[in-house]
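These notes concern the structure reproduced below.
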Amino acid sequence: MTAPHPPHPGGQSPLPPPTARRPKGNWYFVAMICSFGLLTPLPFLHAASRLNRRSLRMRAAVYAVLVVLLFTLSSFVPHDAQGHVSGGVGDALEGLFVIGLVSTVGFACVQIGPVRREVYGLAVPPPTGPGSADPVVAARLAARARREEARALVARDAVMAHELRIGRPDLAGPYDDGGLVDLNSAPAEAISAHCSLPPEAAARVVRAREELGQFRTVDEVAVYAQLAEGETARVKEYAVFLPK
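The numbers in the numbering used here rise by one with no breaks, and the one at position 143 of the sequence shown is 795.
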């Protein structure tokens with residue numbers, strides 16, 4: 653007979669570990685696949701309106717042209733009186749249509765996947781580590797995971813990062829970056845508030861930035877702004893460097 657589990661301190665049951673937040677937007681794939689390619693441009697138009705990105709509008713236009721061409725091609729497939737494809741030319745045209753349609757929808761699904769994450773938010777893995785079941789600690793760990801995801805996005809596509817206002821807590825941006833601060837553009841007030849720096853230290857960071865043009869590493873910030881060890885650690889936790 654197994655012994656009963658000891659009660660949780662305080663008489664409360666332990667909280668279940670937080671689950672991962674997953675991006676929405678599955679309708680992107682449903683629309684393209686279930687419409688047999690006819691609605692392929694629609695997810696790109698929706699993403700372009702949310703992210704205000706010209707490249708997505710161009711992709712939508714390209715896919716619209718491809719869809720029109722493919723279904724125009726299908727209209728030239730000859731059929732007999734029973735509606736069956738007739739002749740070798742008909743078989744070839746139908747084969748081209750099917751291959752082109754499958755390829756178009758397949759490529760579109762591959763391309764829209766990362767864009768969908770940007771529109772609806774990157775998935776955040778469940779927090780792990782000591783104290784992760786505590787909701788306060790879990791929230792901090794989740795924010796840290798968001799910062800790492802946002803830094804990866806900055807490294808991958810700086811233009812997009814600027815559009816999403818990553819590292820600018822003083823501006824109303826559509827993207828949750830976990831509280832990052834761009835030390836190459838954020839004002840002293842935002843640096844002070846979000847990096848927990850005294851106003852004097854934040855002002856030194858801004859003056860050093862004006863002298864250097866831009867920062868590239870936390871070490872540069874620490875040296876030129878004369879930050880203490882604890883201040884440097886806090887800056888490292890929240891800093892990001894977007895190129896000017």
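Each residue gets a CB set at the ideal place from its N, CA and C atoms; glycine is no exception.
Runs of the alpha helix (DSSP H) spanning 4 or more residues and lying entirely within the region 781-847 occur at 787-808, 810-815, 840-846, in chain order. Using a Cβ-Cβ distance cut-off of 8 angstroms, the region 684-693 and the region 751-770 are in contact, since at least three pairs of beta carbons, one from each stretch, lie closer than that value. Under the three-state reduction of DSSP output, Val-870 falls in the helix class. Counting only runs that start and end inside the region 666-731, the alpha helix (DSSP H) elements of at least 4 residues fall at 679-686, 693-703, 706-727. Membership of Val-771 in the alpha helix (DSSP H) is indicated by the continuous run 739-772. Sixteen is the threshold: when 16 or more other Cβ atoms of the shown chains lie within 10 Å of the Cβ of Gly-689, as they do, the residue is buried. Of the candidates Leu-805, Pro-766, Gly-747, Phe-749, the residue whose Cα lies closest to the Cα of Val-892 is Leu-805. Membership of Leu-864 in the alpha helix (DSSP H) is indicated by the continuous run 851-864. Taking 7 angstroms as the cut-off, the beta carbon of Ala-810 is found closer than this to the beta carbon of Pro-895. Buried is the label assigned to Ala-838, since at least 16 other Cβ atoms lie within 10 Å of its Cβ. When C-beta atoms of the region 792-799 are compared with those of the region 816-825, fewer than three pairs fall below 8 angstroms, so the two segments do not count as touching. Secondary-structure assignment with DSSP links Val-892 through a beta bridge to Asp-834. Across the set Ala-880, Asp-834, Phe-867, the C-alpha of Ala-880 shows the shortest separation from the C-alpha of Ala-853. The beta carbons of Leu-708 and Ala-700 sit closer together than 7 angstroms. Here Ala-733 is exposed, its C-beta having fewer than 16 other C-beta atoms within 10 Å. For Ala-880, the three-state secondary structure derived from DSSP is coil.
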